[in-house]
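Its first residue numbered 1, the sequence shown is counted upward by one per residue in full-length UniProt numbering. C-beta: ideal position from N, C-alpha, C; glycine also. The structure under discussion appears below in the form of C-alpha cells.
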Amino acid sequence: MVCDRQLNEGWYIAKHQGEILRMPTSCPSALACGTSGGIWLNGEHPTDVNTTITVNACRRGFTSDANECCAEMIPIQVKNCGSFYAYNLKYTTGCSQAYCFGSHNCPVTTASTTTSTTTSNVVIVPDNKTMLLSTVATSHGQNIGDSVCMNVTALDGVSKRGTGCLGTELSNMVCDRQLFEGWYVARHEGKLLEMPTTCPSMLSCGTSGGIWLNGNHACPQTTTSSTTTQETAADNASSVSRIDLICSSAVTINAISKRGTGCMGTELTEKVCDRQLAEGWYYAEHEGNMTNMATSCPSIMSCGTAGSIWLNGEHPYEVYKTVAIDACRRGFPADGNECCVETFPIQVRNCGTFYAYYLRYTSTCDQAYCFGASVLVHGSEGFDTTLQVTSLVQLILDHDCRTINGFEALVEREWLQGGHPFADRCSKSAFAITKQRSESPIFLLFLDCVWQIWQQFPCSFEFNEEFLVLLFEHTYSSQFGTFLCNNEKERKECKLSSRTVSLWTYLARPEVLQKYLNPMYDPNPRVIWPSVAPQSLVLWSGLYQRSIIDQSKQKEAWQEVSKIREYDKELRSKVTKLRRQLASLEREALGVGLILPSELGVDCIPE
C-alpha cells in the first residue's frame, strides 16, 4: 500500500500518465487511494491564480468511526498555479495513511518504470523540477512566474493515491509520515491531479486514512504568457504568502563554522569555496543562533578564504523588506582598494528574526561570503564591568555556556585568564592579609545576574542554584586554588596547579556533580531574552538569606522532582521497547494472515 510516513515536507504536484492530477474533494471509498486511510481535500481549490489558501484535509476512517469520512483533520496549503495546483504536504503520523490524487484505479503492475512520463512514484530532484514544470506550462500555454509554482516537488506514489484505488488491493500502502513539509503537485499518467474536496471512501487513496481537502480549489483562470502579466499577478498576491515564500524557502549556507571574520584561511587545511554555490536565498545559523553577513571590511585571509565577501551597507530595518546592496570582495594591500576590489549585487531580506540573502556562486574558488564577526571589547584598567557584560552576553547567546562544563569554561576564559584580580576584589578571603581599597564584589554581582536569568529560564540551565552558591563561597573560602591570586602570572609563580586542587576537578567527580545538576534541564539551543523589568528582578534569597531561611523543604522538593524525572525516563524507555515488540508481533501476524493491515495498532516503529 501507499505509505506517506516517509514523505518529505514541502510543495508537491501529482502527475500521472502525462496528466497533472488534483486532490479529490469528496470522500473516497474505504481502502481507496492505495491505503487504508486515504486523505482527501475537504474543501475547494483556490479560484484566483497565484493565490494560496489553507484548507483542512480529512483522513478517511472506518465505519466504526463516529465520522468515518473525516476521522482526522490535517491543515494543508493549496496554491493555484494557473494550469495546476500545488499542495504543501507534511508526512503522515501513520504508515497506513496517504494523500489521494485523481480518481483512477490501481496500476495493473506495481513495478516502477524509469520513464518520466509514466513514473509517478519517483520524487523529482531539484534539477528536474524546472523541466517538469516547464513541460506543464508549455502544454497549457502559460508561463509560470511564481516562486512556489517553480519549486514544487512531484509527489510520489500518485498511481496508488486515486480514490478508486483501495488499500486492500496493494501490498504496500501509501505512507506520508516522512513527507517533507513543502509545496507539492500530483501528476499521474501525464495529468495533474487535484486533492479531493469530499470525504473519500474507507481505505481509499491507497491507505487506511485518506486525507482530503475540506474546502474549495480555485478555478484556473486563463492568463497570458507575458512576463509582465506574471509579475503583476505575483505582485497582487497576498503579502503573507509572498513573505512565506522567501523566508521559509531560504536554506542554511554551508561551512558556517569557517565563515566567521575571526577564522583565518591560513589556519584551515580546506578553505571555504563558494564556486559551486547554487543561486538562491540563504541564511546563516551557527550552533543554534542566527548570524548576519559581515558589514565591515574583514582582515586579510579571514572568513576561511583568501577573498572574503562582505556586505557594503546596512541590513534593512523594516520587517519583510527586501533591499539590493553591493557586497565587496576583500583584496590584498597591493590592490588599489583592498577592501573592495570587486562588487557583487545581492539582495537582503528582513525576515523578522533573521536575514535572508540572495547569493550567487563566485567566479573563483578562493572567494566566499563572510558571516558572523569577532568582537573585541576593550575595558579600561581598574574597571571590571567589561567582564560582566561579555560573560552575560555569551550566556544569553550561546547555549553551551548554560551547561556546567560550558559555564566553567566561561569563568576560566573571561574571569581567570582574563585577569580579574580575585585577591584584591575578594579581600576578605582566607588568602587576603588586610582589607584592600580595591575590594569590590564584582564576581558576586555577575553570579547574581546569572541567577536572575536562571530563575526566569529554569529549564535552560544544566546547573542548579546550589552550583552558583558554591562558586560564590569558594571565591572567599580559599579551599581550592582556582580563585587565588590576581592573574595567571601570579598563579604560576605560586605553583597553584601543583600545590592546590582545582574546583573544576572537584566538580568533575560524578558523585559531586550529581548534587549540582538541574533535574528540570531541557537543552535550549536558542537565544534567551531575559526580562529587565524591575518586577522581574528579585532578591536572591538562596544566597543572601541562606543562613536564616530553612531550605531543607526546598531541597526535598527538588529531590522528589529529580526522582520523578528519572522515573519518567525509565517509563519512556520501557514504552519504546514495548512498542517495538508490539510492532514486531504485528508484522509477524500480518505475514501469516492473522490480522489485516487496517488492524495494525502501531505504525512505522523504528527498529
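key: For Ile442, three-class secondary structure by DSSP   = helix
Rounded separation between His104 and Glu586 - CA only = 31 Å
message = Between the alpha carbons of Met23 and Gly162, how many angstroms are there, rounded?
response = 9 Å
query = Is Val512 buried or exposed, if buried means 16 or more other CB atoms sit within 10 Å of its CB?
reply = exposed
ask   = From Glu44 to Ile74, what distance separates their C-alpha atoms?
value = 15 Å
query = Sorted by chain position, which residues of the same chain lie with C-beta nearer than 7 Å to Asp244's C-beta, five sequence neighbours on each side aside?
reply = Note that Asp244 scores a pLDDT of 48, beneath 50, so its modelled location is shaky and nothing firm can be said.
ask   = Is the CB-CB distance between Leu41 and Met202 below 7 Å?
value = Not in contact: Leu41 and Met202 (Cβ atoms no closer than 7 Å).
query = Can the beta-carbon of Ser208 be found closer than 7 Å to that of Ser96?
reply = yes
key: Cutoff 7 Å; reference Gln367; Cβ partners in own chain excluding five residues on either side   = Asp274, Thr305, Gly307, Ile309, Arg329
The segment 481-492 contacting the segment 530-541, beta-carbon criterion three pairs below 8 Å = With the cut-off at 8 Å, the segment 481-492 and the segment 530-541 do not touch.
Endpoints, the alpha helix (DSSP H) within which Lys574 is located = Boundaries of the alpha helix (DSSP H) around Lys574: 552-591.
key: Counted within 10 angstroms of its Cβ, other Cβ atoms place Gly593 as buried (16 or more) or exposed   = exposed
task = Please list, in chain order, all residues of the same chain as Gly141 whose beta carbon is under 6 Å from its beta carbon, the five residues on each side excluded.
result = With a pLDDT of 31 at Gly141, under the threshold of 50, the modelled position of this residue cannot be trusted; read the value that follows with caution. Excluding residues within five positions, none has a Cβ falling inside 6 Å.
request  = Decide if Lys271 is buried, meaning its Cβ has at least 16 other Cβ atoms within 10 Å, or exposed.
outcome  = buried
query = Less than 7 Å separating the beta-carbons of Cys303 and Thr261?
reply = The Cβ-Cβ distance between Cys303 and Thr261 falls below 7 Å.
ask   = Cα separation between residue 662 and Tyr516?
value = Residue 662 cannot be examined here, being either before or after the span of the chain that is shown, 1 to 607.
inquiry  = Please report the distance separating the alpha-carbon of Val501 from that of Leu416.
reply    = 15 Å
task = Count the other C-beta atoms from every protein chain shown that fall within 10 angstroms of the C-beta of Arg526, then say buried if there are 16 or more, exposed otherwise.
result = exposed
request  = For Gly10, count neighbouring Cβ atoms within 10 angstroms of its own Cβ and tell me buried if that reaches 16, exposed if not.
outcome  = Classification for Gly10: buried.
message = Under DSSP, the alpha helix (DSSP H) around His474 begins and ends at which residues?
response = 465-477
First and last residue of the uninterrupted alpha helix (DSSP H) at Ala249 = First, the residue type needs correcting, since residue 249 is Ser and not Ala in the sequence shown. It spans 239-249 - the alpha helix (DSSP H) in which Ser249 sits, taken as one unbroken run.
query = Using DSSP with H/G/I as helix, E/B as strand and the rest coil, what is Trp540?
reply = Residue state, collapsed to three classes: coil.
inquiry  = I need the straight-line Cα distance from Asp522 to Phe463, nearest angstrom please.
reply    = 11 Å
query = Roughly how far, in whole angstroms, is the beta-carbon of Thr35 from the beta-carbon of Gly206, given that I think they are within contact range, below 8 Å?
reply = Contact flag correct, Cβ pair sits at about 4 Å.
message = Using C-beta distances below 8 Å, list every residue in its chain close to Leu537, excluding the 5 sequence neighbours before and after it, in chain order.
response = Gln452
ask   = Between Asp384 and Gly418, what straight-line distance do the alpha-carbon atoms span, to the nearest angstrom?
value = 10 Å
request  = Leaving aside the five residues before and after Ile396 along the sequence, list all residues of the same chain whose C-beta is less than 8 Å from its C-beta, in chain order.
outcome  = Ile453, Val527, Ile528, Trp529, Pro530
key: Collapsed DSSP secondary structure at Lys79 in the structure displayed   = strand
Residue from Ile595, Gly313, Gln554 with nearest C-alpha to Ala294 = Here the closest residue by C-alpha is Gly313.
request  = For Cys246, collect the residues of the same chain with a Cβ closer than 7 Å to its Cβ; drop the 5 residues on either side in sequence, then sort them by chain order.
outcome  = For clarity, residue 246 is Ile in the given sequence; the question names Cys instead. Within the same chain, and ignoring the five residues on either side of Ile246 in sequence, the residues whose Cβ sits closer than 7 Å to its Cβ are Trp281, Arg349, Ala356.
task = On a CA-only basis, which of Gly352, Asn216, Phe101 is nearest Val319? Give me that one, please.
result = Gly352
request  = Indicate whether Ser460 and Asn524 have their beta-carbon atoms separated by less than 7 Å.
outcome  = yes
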